[in-house]
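Input: a single structure, listed below in structure tokens.
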Amino acid sequence: MAEHYGTAVIPARPDSPRDKSSAEGTVGVISTWIIAALRNRKFFSFHELNLAIKEKLAEFNEKPFQKKNGSRLSAFEEDEQSYLLPLPASTYEIAVWSTATIQPDYLIPVDKIKYSVPYVFIGKEVDIRYTSKAIEVFFHNNRIASHVRRFGICEPVILPEHMPENHRQYLAYTSTNFLEWAGGIGKSTETVMKVLLAATKVEKQSYPSCKTLMKLADRYSIERIEDACSRVLAYTPSPSLKNIQMILKTGQDRVKPDKPPQAAKPSGQFGFTRGAAYFGKGDSND
Numbered sequence: 013m014a015e016h017y018g019t020a021v022i023p024a025r026p027d028s029p030r031d032k033s034s035a036e037g038t039v040g041v042i043s044t045w046i047i048a049a050l051r052n053r054k055f056f057s058f059h060e061l062n063l064a065i066k067e068k069l070a071e072f073n074e075k076p077f078q079k080k081n082g083s084r085l086s087a088f089e090e091d092e093q094s095y096l097l098p099l100p101a102s103t104y105e106i107a108v109w110s111t112a113t114i115q116p117d118y119l120i121p122v123d124k125i126k127y128s129v130p131y132v133f134i135g136k137e138v139d140i141r142y143t144s145k146a147i148e149v150f151f152h153n154n155r156i157a158s159h160v161r162r163f164g165i166c167e168p169v170i171l172p173e174h175m176p177e178n179h180r181q182y183l184a185y186t187s188t189n190f191l192e193w194a195g196g197i198g199k200s201t202e203t204v205m206k207v208l209l210a211a212t213k214v215e216k217q218s219y220p221s222c223k224t225l226m227k228l229a230d231r232y233s234i235e236r237i238e239d240a241c242s243r244v245l246a247y248t249p250s251p252s253l254k255n256i257q258m259i260l261k262t263g264q265d266r267v268k269p270d271k272p273p274q275a276a277k278p279s280g281q282f283g284f285t286r287g288a289a290y291f292g293k294g295d296s297n298d
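According to my numbering, the stretch in the sequence shown is residues 13 to 298, in order.
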């Protein structure tokens with residue numbers, strides 16, 4: 013606050029009450045005088061009370077000195093006012109400070125909303141200063157990031173200049189781009205892509221996984237990717253990118269599934285058979 017108003021806070025010396033006796037004595041005199049002047053009045057709001065105090069304070073400052081010429085107001089205007097600086101253009105805002113360690117996603121949380129910092133500070137401990145209007149991040153007393161503060165529920169606030177080059181590529185992609193690519197590969201790949209897009213609360217946070225799935229086509233054929241997606245969906249309705257990578261790496265997509273055993277067909281070669289002679293035994297006269 014002192015820095016904002018271009019001043020300095022200089023405390024009195026320890027155990028030296030005379031250093032500030034004049035200021036504290038004047039405050040006591042003013043308080044007693046105003047309370048006495050307003051003691052018989054009734055107020056129905058703090059606003060009304062403050063207006064009355066302001067009027068009495070002006071009246072007190074205009075009272076002539078008893079032992080010298082002038083008043084407190086005239087002394088201020090003649091001796092002190094010329095040394096004062098103009099007030100800053102913006103009002104001072106109370107700030108809250110906290111510390112945080114930058115995570116691999118180079119985001120810091122403030123009231124459940126995340127804000128980006130330059131990725132080069134991943135793993136570093138930083139100081140966070142936030143007011144009702146702004147978020148500022150400092151590393152070794154140097155400001156490394158600032159954002160307009162957001163409220164409510166919203167996506168992480170990420171500045172492109174804070175992202176590594178390979179992450180900036182995701183800015184050009186949308187979910188439509190990913191789904192169109194996956195649909196061109198096959199139904200199973202499209203289904204897996206939908207699962208990846210829905211795996212995070214904020215859709216854009218799933219883009220790295222979607223992009224990695226696309227990059228698998230640089231190493232494996234689109235037929236193998238579709239087969240791998242088909243196989244993983246047979247195991248689980250919520251596949252992960254790691255599942256697909258493991259299937260491709262181990263070649264499980266190339267292994268044809270075992271055929272289920274076929275039911276045995278009825279055959280005259282098995283079982284007991286009885287001829288006409290057997291059924292004719294009952295008619296024998298022997």
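Yeah, the Cβ is synthetic: ideal placement off N, Cα and C, and Gly gets one too.
Looking at C-alpha atoms only, which residue of P168, T203, S86, L253 is the closest neighbour of K213? Of the candidates P168, T203, S86, L253, the one whose C-alpha sits nearest the C-alpha of K213 is P168.
Could you give the C-beta distance for F72 and I46, rounded to a whole number, given that I count them as a contact under 8 Å? Yes, F72 and I46 are in contact; Cβ-Cβ is about 7 Å, under 8 Å.
Cβ shell of A107 (< 8 Å), same chain only, five flanking positions each side left out: Result list for A107: R141, Y142, T143, in chain order.
Which stretch, first to last residue, makes up the beta strand (DSSP E) that contains Y142? Looking at the DSSP string, the run of the beta strand (DSSP E) that includes Y142 is 137 to 142.
Does the count of Cβ pairs from the stretch 217 to 229 and the stretch 183 to 199 closer than 8 Å reach three? A contact exists between the stretch 217 to 229 and the stretch 183 to 199.
Simplified DSSP state of L61, which is helix, strand or coil: DSSP places L61 in helix when its eight states are reduced to three.
Skipping 5 residues on each side, what residues in its chain have a beta carbon closer than 8 Å to that of P176? For P176, where only same-chain residues beyond five positions count, the Cβ hits under 8 Å are Y131.
For L20, collect the residues of the same chain with a Cβ closer than 8 Å to its Cβ; drop the 5 residues on either side in sequence, then sort them by chain order. A small fix is needed here, since residue 20 is Ala in this sequence, not Leu. Closer than 8 Å at the Cβ level, and outside the excluded window around A20, lie A14.
Where D91 and E148 are concerned, what is the direct C-alpha to C-alpha distance, given to the nearest angstrom? If I take the Cα positions, the gap works out to 40 Å.
Less than 7 Å separating the beta-carbons of L119 and G18? Their beta carbons are not under 7 Å apart, which means L119 does not touch G18 by this criterion.
Length of the line joining the Cα atoms of L61 and R51: Take the alpha-carbon of L61 and the one of R51: they are about 11 Å apart.
Could you tell me if T201 is buried or exposed, where buried requires 16 or more neighbouring beta carbons within 10 angstroms of its beta carbon? It counts as buried.
Residues that H5 bridges to, as DSSP identifies them: The displayed coordinates of the chain run from 13 to 298. Any statement about residue 5 would go beyond what the structure contains.
Where S128 falls, given that 16 or more other Cβ within 10 Å makes a residue buried: Buried.
Can you tell me whether D230 is buried or exposed? The criterion is at least 16 other CB atoms within 10 Å of its CB, across all chains shown. The residue in question, D230, is exposed, as its Cβ has fewer than 16 Cβ neighbours within 10 Å.
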